[in-house]
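The numbering of the sequence shown is numbering that gives the first Met the number 0, which starts it at 0 and goes up by one. Glycine is no exception: its CB is placed at the ideal position from the N, C-alpha and C atoms. Keep in mind it's a predicted model, so treat the numbers as computed, not measured. Structure record follows, encoded as structure tokens.
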Amino acid sequence: MPLPHTMARFNKIVTNRVTTPFAQLLPGTAVVEHRGRRSGRVFRTPVLLFTVGDDLRIALTYGADTDWVRNVCAAGEAVVHTRGRAIPVRDPRLGTDPQARWAPLPVRVALQAIGAHGYLDCTPQPHR
Numbered sequence: 000m001p002l003p004h005t006m007a008r009f010n011k012i013v014t015n016r017v018t019t020p021f022a023q024l025l026p027g028t029a030v031v032e033h034r035g036r037r038s039g040r041v042f043r044t045p046v047l048l049f050t051v052g053d054d055l056r057i058a059l060t061y062g063a064d065t066d067w068v069r070n071v072c073a074a075g076e077a078v079v080h081t082r083g084r085a086i087p088v089r090d091p092r093l094g095t096d097p098q099a100r101w102a103p104l105p106v107r108v109a110l111q112a113i114g115a116h117g118y119l120d121c122t123p124q125p126h127r
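Quick look at the structure:
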């Protein structure tokens with residue numbers, strides 16, 4: 000089972016506000032900018048980000064049943080901020096891999112330990 004929802008609520012209110020400015024600068028981390036399904040508000044969520052083939056893959060440490068994942072899937076697009084770049088993405092696709100074979104070894108071990116089997120793949124949009 001991914002991390003508990005009580006921890007997700009705490010992180011949404013407290014931790015994310017502190018980590019968001021740094022998450023877009025550190026390797027393996029990013030900030031997903033997405034729009035609320037009902038409110039239309041813009042939200043920014045720190046995530047673990049990886050490249051798999053031509054796609055960007057986000058580890059779903061709280062599972063697929065989170066507001067930000069539902070927002071991105073409903074909209075079909077988002078913007079990923081990482082290492083000083085803003086990357087528009089589209090075509091979000093949910094997947095699972097209990098072994099997290101796609102992740103670097105230390106991350107793989109951590110994801111397996113918390114039972115985070117899900118991921119979200121997105122296709123970067125071509126630059127115009």
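How long is the line joining the alpha carbons of residue i and residue j, rounded to whole angstroms?
i    : j    : result
R40  : H33  : 8 Å
P91  : D120 : 6 Å
R69  : T95  : 16 Å
P123 : T5   : 32 Å
L93  : A112 : 20 Å
V71  : P103 : 25 Å
R26  : S38  : It is Pro, not Arg, that sits at residue 26 in the sequence shown. Spanning the two alpha carbons is a distance of roughly 31 Å.
D53  : R84  : 17 Å
I86  : P125 : 9 Å
Residues in its own chain within less than 7 Å of residue i by CB, not counting five upstream and five downstream?
i   : result
A22 : T28, A29, V30, P45
W67 : V31, H33, F42, T44
Beta carbon of residue i, beta carbon of residue j: below 9 Å?
i    : j    : result
G117 : A58  : yes
L24  : R82  : yes
G110 : V79  : For the record, residue 110 in the displayed sequence is Leu; it is not Gly. For L110 and V79, no; Cβs fall outside 9 Å.
G62  : A115 : yes
L48  : T60  : no
With DSSP as the reference, label residue i as helix, strand or coil.
i    : result
L110 : helix
P157 : The shown model of the chain, from 0 to 127, leaves out residue 157, and the question about it has no answer.
Take residue i and list the residues in its own chain whose beta-carbon comes closer than 6 Å to its own, dropping the five residues that flank it on each side.
i   : result
R43 : T19, V30, E32
V51 : W101
Q98 : none
A73 : R36
Here's a check: name, in chain order, each residue in its chain whose Cβ is nearer than 8 Å to the Cβ of residue i, leaving out the five neighbours to either side.
i   : result
V88 : L55, E76, A77, V78, V79, C121, T122, P123, Q124
Beta strand (DSSP E) segments (min. 3 residues) lying fully within the stretch 35-60:
41-51, 54-58
Worksheet item: Curious, which full-length alpha helix (DSSP H) runs of at least 4 residues does the stretch 51-106 contain?
Response: 66-74
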